[in-house]
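Chains as they are written, first to last, in numbering that gives the first Met the number 0: chain A, 0 to 160; chain B, 0 to 537. The beta carbon of each residue, even a glycine, is placed where N, CA and C say it ideally should be. Just so it is clear, the structure is predicted and the values come from calculations on it, not from any experiment.
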Amino acid sequence: MASMTRLRVTDRLSGERLGDRAPAAETATAAPQPNERSVVLPAVTPSRVRGRTALEVVVAGWQFELEVEDADLADLRDRATKDRGAVIHDGPTEVRAIIPGRVISVDVTVGDVVTVGQRLLAVEAMKMENELRAPREGTIERVATAIGQTVEPGAILVVIR
Amino acid sequence: MTVTRQVPPFGTVLIANRGEIAVRIIRACHELGMSAVAVYSDADAGAQHVRLADAAVRLGPPPPTESYLRIDAVIAAAIASGADAIHPGYGFLSERAAFARAVEDAGLVFVGPPSAVIDALGDKLNARRAAASVGVEAVPGTLVGVPTERPDQVAEAVAMADRIGFPLLVKAAAGGGGRGMRRVTNSAELVGALAAGSAEAASAFGDGVVYLERELRPARHIEVQMLGDDTGRIVAIGERDCSLQRRHQKLLEEAPAPGLTVAERRHLHELAVRVGTAAGLRNAATAEFLRAPDGAFYFLEVNTRLQVEHGVTELAMGLDIVHEQFTLAAGRPLSDVALAAAERAADPDGHAIEVRLAAEDPSRDFAPSPGRVRRWVMPAGPGVRVDTGIVDGDRVPPDYDNLVAKILVHGQDRAMAIDRLRRALDETEIAGIQTTLPFHRFVARHDGFRAGDVSIDWVAEHWDGPAERARSVELAVNAAARAVTAPDGGDQSQPRVRAEAIDPAATTRAVVAGPGPADGASDWAAAARAGAIDRWPR
Numbered sequence: 000m001a002s003m004t005r006l007r008v009t010d011r012l013s014g015e016r017l018g019d020r021a022p023a024a025e026t027a028t029a030a031p032q033p034n035e036r037s038v039v040l041p042a043v044t045p046s047r048v049r050g051r052t053a054l055e056v057v058v059a060g061w062q063f064e065l066e067v068e069d070a071d072l073a074d075l076r077d078r079a080t081k082d083r084g085a086v087i088h089d090g091p092t093e094v095r096a097i098i099p100g101r102v103i104s105v106d107v108t109v110g111d112v113v114t115v116g117q118r119l120l121a122v123e124a125m126k127m128e129n130e131l132r133a134p135r136e137g138t139i140e141r142v143a144t145a146i147g148q149t150v151e152p153g154a155i156l157v158v159i160r
Numbered sequence: 000m001t002v003t004r005q006v007p008p009f010g011t012v013l014i015a016n017r018g019e020i021a022v023r024i025i026r027a028c029h030e031l032g033m034s035a036v037a038v039y040s041d042a043d044a045g046a047q048h049v050r051l052a053d054a055a056v057r058l059g060p061p062p063p064t065e066s067y068l069r070i071d072a073v074i075a076a077a078i079a080s081g082a083d084a085i086h087p088g089y090g091f092l093s094e095r096a097a098f099a100r101a102v103e104d105a106g107l108v109f110v111g112p113p114s115a116v117i118d119a120l121g122d123k124l125n126a127r128r129a130a131a132s133v134g135v136e137a138v139p140g141t142l143v144g145v146p147t148e149r150p151d152q153v154a155e156a157v158a159m160a161d162r163i164g165f166p167l168l169v170k171a172a173a174g175g176g177g178r179g180m181r182r183v184t185n186s187a188e189l190v191g192a193l194a195a196g197s198a199e200a201a202s203a204f205g206d207g208v209v210y211l212e213r214e215l216r217p218a219r220h221i222e223v224q225m226l227g228d229d230t231g232r233i234v235a236i237g238e239r240d241c242s243l244q245r246r247h248q249k250l251l252e253e254a255p256a257p258g259l260t261v262a263e264r265r266h267l268h269e270l271a272v273r274v275g276t277a278a279g280l281r282n283a284a285t286a287e288f289l290r291a292p293d294g295a296f297y298f299l300e301v302n303t304r305l306q307v308e309h310g311v312t313e314l315a316m317g318l319d320i321v322h323e324q325f326t327l328a329a330g331r332p333l334s335d336v337a338l339a340a341a342e343r344a345a346d347p348d349g350h351a352i353e354v355r356l357a358a359e360d361p362s363r364d365f366a367p368s369p370g371r372v373r374r375w376v377m378p379a380g381p382g383v384r385v386d387t388g389i390v391d392g393d394r395v396p397p398d399y400d401n402l403v404a405k406i407l408v409h410g411q412d413r414a415m416a417i418d419r420l421r422r423a424l425d426e427t428e429i430a431g432i433q434t435t436l437p438f439h440r441f442v443a444r445h446d447g448f449r450a451g452d453v454s455i456d457w458v459a460e461h462w463d464g465p466a467e468r469a470r471s472v473e474l475a476v477n478a479a480a481r482a483v484t485a486p487d488g489g490d491q492s493q494p495r496v497r498a499e500a501i502d503p504a505a506t507t508r509a510v511v512a513g514p515g516p517a518d519g520a521s522d523w524a525a526a527a528r529a530g531a532i533d534r535w536p537r
């Protein structure tokens, strides 16, 4: 499965991005001071954003509500969000996986004409189905995945021209 | 060897309170061989004080006016449960002369001063006059109310204010917890402040009488614990420094007050006993003073009840004040233990500090933060005492005072007590609600506090809540990233949270966060304003 290179931590209440961290062993072994021990609990209510883990973290008596996700994935999502608002251009548009998971349905084939928002395929992750919809109108030029395939964030799934 | 046991002062005692103080009094009842009857509102049906008591009686719905403030319901519960005495704790009905009188009229014993004394001292103007009558100087100001209905009264008020000097405070005669209080910096502001203070006092206490008092700055808040028996003998069991406050409410108390000489202590204790004697005090009460920068003590008021912070006196002086209250209420004379404590009160051996953990956010001006406690690890070990009514998973209801625990430490001297406080607070873990813990940790590490340099402005001058919270963001982000990291580099579909931190039961419970109808905890602050009748126990 995905080996995350960076983790993005967001303040749940303000939405503020607090920072990116390597999930590597060095952060896991950097022992906090005795007076800076942390308590980490799963949040009472899960994140509304797919792919994010919601946590309650208490450090030095301060309570934080945080959400953690793969930073690359977050970047992709942000870019996808930006693309959706962009004017339609003539070049091909690559639809990429924004979360790791397993493809559970493919709803288009090469040559199909799609409209904005039309469902292209679905990826299952963390027992949730995540739909991918067409960011623009056009013709399906290529379908790069199939049902049952495991995909990584950033993998090209469909190309629309 | 003969074993002698004291005859219990009473058979059954009803505790007309909730939370940590109800738990603390139930413990004293059981130690003395008495049965304890709890009362509760629907918000507290499963609370610790109900679980620990030998019997429990429901009073009504959560609002205090429909439960803990109902004199008729409390008396009926006492009679129905066969109680001989009622301990009121602090707050709620503890300083209502009408309640003490109703208890007396029902043929029960009120564990506290007689109703007439509560009545007399509950009026701060009355108390100021009582002090003046025995030569104890009160904070400079008026000894009578300052009405402003008529133009000549307004002119007189301005003249009085000019004599007292600015800045000054408008205070409510029936006041407490800063309600009805207004700060006035010049005579132009005076009339408006008098009217506003009077209106607030009338709505909070049903008594709009206000008076003027000079604002002493910088000042320390120092109070004297008193015990008195039916023979009229009154002793001082040492003093407490309660200077660390926010919104006129205490955050930390210690005994003895740092930096006083034995002679100064003796003088202060003598002032308190003089006021207590003049008022005909019995049982337990506390005389509050301000200490001006020149070292002079000015009388503020008398609290005719067990004080929240009584525990620091117990630790520093080596006695149990609640035990003493019960034996005194039963008509017994001051105990040998109490007399011995009074004897060494001016020169005590050890030092004790209490912090009040409250469900408040110290980064948002100590805003209330009720909710469900998801992790509750209290400190222990040498020299540590915790008084609380909370257990893991409890909900802190929005209907009542937001004190969730008192952490007390005791050491051979003040430095050791501070070291223990720092250590104890580092052991403390609370999740689910924001508490004042970060503030207390800050104090325990502060050089100025360690030097004994405290005043009632200390919090405003030294505490920058948002900046302190910001310091911990980095560590919180690291902790979150660590928690989500899968050590085996494998399946990311499940969050990795430090195993010892997971309480499966807690995760299924709803946490009340922010406005919303869940658990009826929509707005604690609004509830506090609406429930204006309770005089908060400070």
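Asked, Found
"Contacts that Arg20 (chain A) makes with chain B (C-beta to C-beta distance below 7 Å)", "Val476, Asn477, Ala480"
"CB contact below 8 Å: Glu130 (chain A) versus chain B", "no"
"Span of the alpha helix (DSSP H), counted from its first residue to its last, around His350 (chain B)", "Looking at the DSSP string, His350 (chain B) is not in any alpha helix (DSSP H); the run it does join, the beta strand (DSSP E), is 350-357."
"Buried or exposed by the 16-neighbour rule on C-beta atoms within 10 Å, applied to Asp161 (chain B)", "exposed"
"Contact list for Gln148 (chain A) against chain B, beta-carbon separation under 7 Å", "Near Gln148 (chain A) there are no residues of chain B at all, since even the closest Cβ is about 17 Å away, more than 7 Å."
"Presumed contact (8 Å Cβ cut-off) between Ser362 (chain B) and Val58 (chain A), rounded CB distance", "Ser362 (chain B) to Val58 (chain A), Cβ: 13 Å. No contact."
"Inter-residue spacing [alpha-carbon to alpha-carbon] between Asp206 (chain B) and Ala42 (chain B)", "30 Å"
"7 Å Cβ cut-off: residues of chain A touching Pro437 (chain B)", "Ala59, Gly60, Trp61"
"Where Met225 (chain B) falls: helix, strand or coil (DSSP)", "strand"
"Contacts around Gly279 (chain B), its chain only, beta-carbon distance under 7 Å, and the 5 residues preceding and following it disregarded", "Val116"
"Where the beta strand (DSSP E) containing Gly18 (chain A) begins and where it ends", "16-20"
"Distance, Ala53 (chain A) Cα to Leu72 (chain A) Cα", "16 Å"
"For Pro7 (chain B) and Gly32 (chain B), the rounded distance between their alpha carbons", "6 Å"
"Residue-chain proximity (Gly18 (chain B), chain A), Cβ-Cβ < 8 Å", "no"
"Amino acids of chain A, ordered along the chain, whose beta-carbon sits closer than 8 Å to that of Glu428 (chain B)", "Arg36, Val38, Val57"
"In DSSP terms, what Thr92 (chain A) is bridged to", "A:Ile159"
"Closer than 8 Å to chain B by CB, Val122 (chain A)", "no"
"Pro134 (chain A) classed as buried or exposed, judged by whether at least 16 other C-beta atoms fall within 10 angstroms", "buried"
"Beta-carbon neighbours of Gln433 (chain B), restricted to chain A and to distances below 7 Å", "Gln62"
"Arg95 (chain A) and Ile155 (chain A) closer than 8 Å at C-beta", "yes"
"Chain B within 8 Å of Leu75 (chain A), Cβ atoms only", "no"
"Listed by chain order, chain A residues near Ser471 (chain B) by CB distance under 7 Å", "Val58, Ala59, Trp61"
"Chain-ordered neighbours of Leu156 (chain A) on chain B, where CB pairs are closer than 7 Å", "Near Leu156 (chain A) there are no residues of chain B at all, since even the closest Cβ is about 19 Å away, more than 7 Å."
"Members of the segment 346-374 of chain B near chain A, C-beta cut-off 7 Å", "Arg373, Arg374"
"Outcome for Ala344 (chain B) when other beta-carbon atoms lying within 10 angstroms are tallied against a minimum of 16", "buried"
"Nearest-angstrom Cα separation, counted from Leu243 (chain B) out to Ala27 (chain A)", "The pLDDT assigned to Ala27 (chain A) is 48, lower than 50, so where the model puts this residue is not dependable; a value taken from the coordinates is nonetheless given after this. C-alpha separation (whole angstroms): 39 Å."
"Start and end residues, beta strand (DSSP E) containing Val39 (chain A)", "37-41"
"Proximal chain B residues relative to Val48 (chain A), where beta-carbon distance stays under 9 Å", "The contacting residues do not exist; Val48 (chain A) stays about 14 Å from chain B at best."
"Tyr89 (chain B) versus Asp386 (chain B) - alpha carbon distance", "14 Å"
"Thr44 (chain A), buried or exposed, once every other Cβ within 10 Å from all chains shown has been counted against 16", "exposed"
"8 Å Cβ cutoff, Arg440 (chain B) in contact with chain A", "yes"
"Chain A residues whose Cβ lies nearer than 7 Å to that of Arg468 (chain B)", "Trp61"
"Within-8 Å CB hit, Leu6 (chain A) to chain D", "Note that chain D does not occur in the displayed structure, where the protein chains are A and B."
"Option nearest Val110 (chain B) by Cα separation, candidates B:Ala339, B:Asn16, B:Ala482, B:Val311", "B:Asn16"
"Boundaries of the alpha helix (DSSP H) in which Thr276 (chain B) is found, first to last residue", "261-278"
"Cα-Cα separation, Glu19 (chain B) to Ala99 (chain B)", "22 Å"
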